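In what follows, a structure is listed as structure tokens, so that the remarks can point back to it.
Residue numbers (mature numbering (1 follows the signal peptide of the UniProt record, and there is no 0)): -22 to -1, 1 to 718.
Encoded structure:
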């Protein structure tokens, strides 16, 4: 059969050579413009593969069809073109060779062709259909494996004008392929939409939840794949929280103004439908708001990660109405270093999902001989098991390493292009089949004809991009197809176990470029300053009151702001304003703040009043400092105050003046650990200096007054005695003759 196919190919090549093509009298040939055709055709000919089937032929006589269209996207007639299908009767032996073939690398392209399909001239915007039908037997395909099928459009000179490369996978009916555990992770992760808990900065959430939009498409996938095995969903609890709040009346801030907005029913509907769709499948919650863990580790914000894990578990369970796992973490891009790993481990994480570049194999296994001129530094011929192990400060952490090719194929963004979804689907089938077949074709593997070598079951992890925008029909079809393949065993993350012989992997690879991709130092500095301000509120109020700022800090630390910190700036500013307003509600108060207080005498007391405008009890300390201690001394006093919500408390601070003059007293509220809380207040105090002099003056006055009183009394007594000792005065004599 192989000889017949080769003979047919040779005969076809002879009969339908470029020279023979010219004899067919196409428009270009007749007009003598064949030389102009290649440039025009290369620019305007579009080859689309529209159908390949069946997915998995099992019999040598099963008819396989590959069909599609050739489109003219230009403004001139395309002519003198023909289509042929190249193939190979030998299966690929390595996945790396499949990648080289798809990239057009020389030495990996199939040589023989089966048929040449002539096309008539194609008018502008026109198209013609093409089809190739064959059987595995006709192509000489007889064993389990993946085979190349390349569709080419060539011009009258034999030059390639357009090409599409794909695969067919063949599994004989009597062959049982080794099974591979396939774990697929589907993320539902967005960006933060709120700054503080009560204020939206971005009102785009309901629109993103609409049918046909990103979050709407993710919901549809969750609904359509609810019965598909082997899927694990990773959900950001902050997204669920934003949807819940957006469904009710809320505040929205735009262009410096805050306005009250009514609840959006679309957000409520989306959240309710998602809750229903995620009732049964395994769900993993990211730390709240999906923070950039490595950036937190590298900028001294170690506590934020643990808070994110704890908050994420609480919010996700509360909204979804079920328990979710938080001991599985997915670092940004699957990349982490040991600083970030330690933060996760101390936060209760026991498994991390990593990129293959982050945890490469320890050694490169020598590949089989490659075609002349090909790159010999190929990856190992056998796909390694996804499960590895890492060491952290809290002990071993399990690492699940994603398969980059399968992950990229599932998360492909361009599936809406004509034929793209079909070709990606064929590649996913072929890649999984190749993983299963690797043990049979690896160097040194000896198997009987029609059989495959026994191999230890391996786990392959598929993780699309974090904030992907998928086509629901494509993803649903792909995961359903994958779950039905005879060489695949669907597996959820909670069922993944290491292979009996785990792959030897190197250390974590985290480069300077990876570090540059983190949230930058300047931005994290602003987050750290906001965090320090928020921590003050935690130091004086109850824990339930400061949860608002825990979540706000996590939103500011979200990995969504990587590469777009300018978009995050309004969030930072709003959170800062909210925290400062909260701090200002606990303040030194009183009408006398602007008045001058006067102290006269040996000592005195100055009252200090503190108002608590919060809805919870606070505990603060009052620190009073004299700017001129020699003039005005502050005596010891009880500086701790516990103030109930809405109340004002007063303490009286003893002060001793020493002379007359005027000075200032600084009053600062602090936390128990003496961190400054709020703005300091200055009081002006005037001392009269009457203390010593007043005593002398008063004492002297008393002495003088007493002396005067004594002298007066003595004088009065002396006068009375003198009067009593004086003889009575004589009466005058009466002249004679005057007697009556």
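Where is the CB? At the ideal position from N, CA and C, for every residue including glycine.
This one's a predicted model, so the numbers in the text were calculated from it and none came from an experiment.
### Integer Cβ distance of residue 662 from residue 575, believed to fall under 8 Å
Right, the Cβ-Cβ distance comes to about 7 Å (below 8 Å), so this counts as a contact.
### Query
In or out: residue 21 buried (at least 16 other Cβ within 10 Å) or exposed?
So residue 21 counts as exposed.
#### Entry: Residue interval of the beta strand (DSSP E) (run including residue 63)
Membership of residue 63 in the beta strand (DSSP E) is indicated by the continuous run 60 to 65.
### Query
Which residue spans inside the region 529 to 568 form an unbroken beta strand (DSSP E) run of at least 3?
For the region 529 to 568, whole beta strand (DSSP E) runs of length 3 or above, ordered along the chain, are 564 to 567.
### Query
For residue 402, does the three-state DSSP call read helix, strand or coil?
Residue 402 falls in the helix class under three-state DSSP.
### Message
Give the list of continuous alpha helix (DSSP H) stretches no shorter than 4 residues that lie fully inside the region 603 to 658.
### Response
For the region 603 to 658, not a single whole alpha helix (DSSP H) run of length 4 or above is found.
### Query
Which word fits residue 496, buried or exposed, when buried means at least 16 other C-beta atoms lie within 10 angstroms of its C-beta?
By the neighbour-count rule (16 or more Cβ atoms within 10 Å), residue 496 is buried.
### Rounded Cβ spacing between residue 501 and residue 179 (contact assumed at less than 8 Å)
Actually they do not touch by this definition, with Cβ atoms about 16 Å apart.
### Enclosing beta strand (DSSP E) for residue 158 [first to last residue]
In this chain, the beta strand (DSSP E) harbouring residue 158 covers 158 to 166.
### Same chain, Cβ closer than 8 Å to residue 202, five either side skipped, listed in chain order
Here the set comprises 450, 454.
### Task
Note down the Cα distance separating residue 317 from residue 276, rounded to an integer number of angstroms.
Per the coordinates, the alpha-carbon of residue 317 lies some 8 Å from the alpha-carbon of residue 276.
### Start and end residues, alpha helix (DSSP H) containing residue 499
Unbroken alpha helix (DSSP H) run through residue 499: 499 to 518.
### Task
Using 10 angstroms around the beta-carbon of residue 583, count the other beta-carbons present and answer buried if the total reaches 16, otherwise exposed.
Exposed, because fewer than 16 other Cβ atoms sit within 10 Å of the Cβ of residue 583.
### Query
Can you name the start and end residues of the beta strand (DSSP E) that residue 373 belongs to?
Run containing residue 373: 373 to 379, per the beta strand (DSSP E) assignment.
### Message
Please state whether the Cβ-Cβ distance between residue 436 and residue 487 is less than 8 Å.
### Response
No, the pair does not count as a contact, with Cβ atoms beyond the cut-off.
### Message
Which same chain residues end up closer than 7 Å to residue 151 when comparing Cβ atoms and leaving out the 5 residues on each side of it in sequence?
### Response
Counting only Cβ-Cβ distances below 7 Å, and skipping sequence neighbours, we find 36, 37.
### Task
Please work out which residues of its chain come closer than 8 Å, Cβ to Cβ, to residue 289, disregarding the five sequence neighbours upstream and downstream, and give them in chain order.
Result list for residue 289: 215, 265, 266, 525, 528, 529, 532, in chain order.
### Task
Please confirm whether residue 119 and residue 96 have their CB atoms less than 8 Å apart.
Their beta carbons are not under 8 Å apart, which means residue 119 does not touch residue 96 by this criterion.
### Query
Would you say the region 406 to 413 touches the region 373 to 388, given that touching needs at least three Cβ pairs under 8 Å?
Under the three-pair Cβ rule at 8 Å, the region 406 to 413 counts as touching the region 373 to 388.
### Task
Tell me whether residue 312 is buried or exposed, calling it buried when 16 or more other Cβ atoms sit within 10 Å of its Cβ.
Residue 312 comes out buried.
### Task
Check residue 397 in the structure and name its three-state DSSP category.
DSSP, reduced to helix, strand and coil, places residue 397 outside both helices and strands of the structure shown, so it counts as coil.
### Task
Tell me, please, whether the region 43 to 51 touches the region 96 to 105 by the rule of three or more beta-carbon pairs shorter than 8 Å.
These segments touch.
### Query
Once you ignore the five residues that flank residue 256 on each side, which residues in its own chain have a CB closer than 7 Å to its CB?
Short of 7 Å from the beta carbon of residue 256, and not among the five residues preceding or following it, lie these beta carbons of its own chain, in chain order: 200, 211, 298.
### Query
Should residue 243 go down as buried or exposed, given a rule of 16 or more other Cβ atoms within 10 Å for buried?
Residue 243 is classed as exposed because its beta carbon has fewer than 16 other beta carbons within 10 Å across all chains shown.
### Query
Under a Cβ-count criterion, where at least 16 other Cβ atoms within 10 Å of its own Cβ denotes burial, should residue 416 be classed as buried or exposed?
Only buried fits residue 416, as 16 or more other CB atoms lie within 10 angstroms of its CB.
### Query
How big is the Cα-Cα spacing for residue 371 and residue 324?
Roughly 7 Å separates the two Cα atoms.
#### Entry: Inter-residue Cα distance where the pair is residue 375 and residue 369
Going from the Cα of residue 375 to the Cα of residue 369 covers about 6 Å.
### Message
Using 8 Å as the cut-off, can you tell me whether the region 467 to 483 makes contact with the region 161 to 170, which would need three or more C-beta pairs spanning the two stretches below that distance?
### Response
Verdict: yes, contact present.
### Task
Give the DSSP-derived three-state secondary structure of residue 130 in the structure shown.
In the structure shown, residue 130 falls within a strand segment according to DSSP collapsed to helix, strand and coil.
### Task
With a threshold of 16 other CB atoms inside 10 Å of the CB of residue 442, please say whether the residue is buried or exposed.
Buried is the call here.
### Burial state of residue 466 (16 or more Cβ within 10 Å)
With a 10 Å radius around the Cβ and a threshold of 16 neighbouring Cβ atoms, residue 466 comes out buried.
### Message
Under 8 Å, with one C-beta from each stretch per pair, do the region 74 to 84 and the region 22 to 34 reach the 3-pair mark?
### Response
The region 74 to 84 is not in contact with the region 22 to 34.
### Query
Looking only at its own chain, which residues have a Cβ that is under 8 Å from the Cβ of residue 402, when we skip the five neighbours before and after it?
Answer for residue 402: 387, 390, 393, 452, 456, listed in chain order.
#### Entry: residue 385: first and last residue of the uninterrupted alpha helix (DSSP H) it sits in
382 to 388 is the extent of the alpha helix (DSSP H) around residue 385.
### Message
Quick check: residue 27 and residue 70, are their CB atoms within less than 8 Å of each other?
### Response
Against a cut-off of 8 Å, the Cβ pair of residue 70 and residue 27 comes out as no contact.
### Message
Here's a check: name, in chain order, each residue in its chain whose Cβ is nearer than 7 Å to the Cβ of residue 185, leaving out the five neighbours to either side.
### Response
Shown here for residue 185: same chain residues with a beta carbon closer than 7 Å to its own, the five before and five after excluded, namely 191 in chain order.
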